[in-house]
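Residue numbers (my numbering), protein chains in the order written: chain A, 36 to 149; chain B, 3 to 116.
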């Protein structure tokens, strides 16, 4: 049973470009969560999604950031017009049905904005 | 709002010693607590969890203690090994509308010397 898969592992973007981060949850998991981690800090919750629904986006910046989890395919975290402050590690987690607090994490995507 | 903090940012121990990592939380409505281990360049790895209706839970070489009165939890690692060297995070979950949203502490760096 493969774990949570994230790609790419590393992403370099210039200021003003778009960044697309992908996450495939563990098999059988229907809940996906995105977190951001700055250097030497803990993870900060961004958004919680189920298939085709955003459940909680209280941690998402109001502008430039969006997330989706379509019926088919991976969850996507999109950052438009990236700025240097977006440079961070972005982690995706998934949880099994009925156990939302048991979250298993992927290896993360490290975004660098030049 | 919720905040989660750690008493000690770094901990150095000798191989074979027991390690204790502490965490404080602020939200009395928190009902789920998880310890994660994060190695350099990797995602957080689930170690052990505990619900608010318990005060102690044991796993393989690890024990989590929860004191709801003072809003404190700890992770004890027995016979610490060099492979235990990593950053350890506590994460706290709550019910209701926050169900699924984990709040992470800043992390404790554990270094195990052979």
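Positions of the beta carbon are idealized from the N, C-alpha and C atoms, including for glycine.
Residue i versus residue j - alpha carbon distance
{"i": "residue 84 (chain B)", "j": "residue 19 (chain B)", "result": "11 Å"}
{"i": "residue 116 (chain A)", "j": "residue 56 (chain B)", "result": "46 Å"}
{"i": "residue 95 (chain A)", "j": "residue 116 (chain B)", "result": "43 Å"}
{"i": "residue 63 (chain B)", "j": "residue 98 (chain A)", "result": "45 Å"}
{"i": "residue 106 (chain A)", "j": "residue 135 (chain A)", "result": "19 Å"}
{"i": "residue 52 (chain A)", "j": "residue 120 (chain A)", "result": "13 Å"}
{"i": "residue 46 (chain A)", "j": "residue 128 (chain A)", "result": "19 Å"}
{"i": "residue 4 (chain B)", "j": "residue 81 (chain B)", "result": "Any answer about residue 4 (chain B) is weak, because its pLDDT of 48 lies below 50 and its placement is not dependable; what the coordinates show is given next. Straight-line Cα distance between these residues: approximately 33 Å."}
{"i": "residue 44 (chain A)", "j": "residue 133 (chain A)", "result": "29 Å"}
{"i": "residue 137 (chain A)", "j": "residue 118 (chain A)", "result": "32 Å"}
{"i": "residue 39 (chain A)", "j": "residue 17 (chain B)", "result": "32 Å"}
{"i": "residue 112 (chain A)", "j": "residue 57 (chain A)", "result": "7 Å"}
{"i": "residue 9 (chain B)", "j": "residue 82 (chain A)", "result": "Interpretation of residue 9 (chain B) is limited by its pLDDT of 49, a score under 50 that renders its predicted location unreliable; no figure is taken from the coordinates."}
Contacts around residue i, its chain only, beta-carbon distance under 8 Å, and the 5 residues preceding and following it disregarded
{"i": "residue 54 (chain B)", "result": "32, 33, 34, 35, 68, 70"}
{"i": "residue 11 (chain B)", "result": "108, 109, 110, 111"}
Per DSSP, the bridge partner or partners of residue i
{"i": "residue 47 (chain A)", "result": "A:147"}
{"i": "residue 78 (chain A)", "result": "A:72"}
{"i": "residue 140 (chain A)", "result": "A:128"}
{"i": "residue 89 (chain A)", "result": "A:84"}
{"i": "residue 122 (chain A)", "result": "Answer is none; residue 122 (chain A) lacks a bridge partner."}
{"i": "residue 42 (chain A)", "result": "A:57"}
{"i": "residue 103 (chain A)", "result": "A:111"}
CB of residue i within 8 Å of CB of residue j, strictly
{"i": "residue 150 (chain A)", "j": "residue 45 (chain B)", "result": "Outside the shown range of chain A (36 to 149) lies residue 150 (chain A), about which nothing can therefore be said."}
{"i": "residue 73 (chain B)", "j": "residue 27 (chain B)", "result": "yes"}
{"i": "residue 41 (chain A)", "j": "residue 143 (chain A)", "result": "yes"}
{"i": "residue 72 (chain A)", "j": "residue 124 (chain A)", "result": "yes"}
{"i": "residue 96 (chain B)", "j": "residue 29 (chain B)", "result": "yes"}
Cβ-based neighbour list, residue i, same chain, cut-off 6 Å, excluding 5 preceding and 5 following
{"i": "residue 76 (chain B)", "result": "22, 24, 67"}
{"i": "residue 49 (chain A)", "result": "149"}
{"i": "residue 52 (chain B)", "result": "35, 59, 66, 68"}
{"i": "residue 91 (chain A)", "result": "83"}
Contact set for residue i: own chain, Cβ-Cβ below 7 Å, skip 5 residues either direction
{"i": "residue 93 (chain B)", "result": "36, 38, 104, 105, 106"}
{"i": "residue 14 (chain B)", "result": "113, 115"}
Check your understanding: What runs of the beta strand (DSSP E), each 3 residues or longer, lie entirely inside the region 29-110 of chain B?
Key -> 32-40, 47-53, 58-60, 64-69, 74-79, 88-96, 104-106
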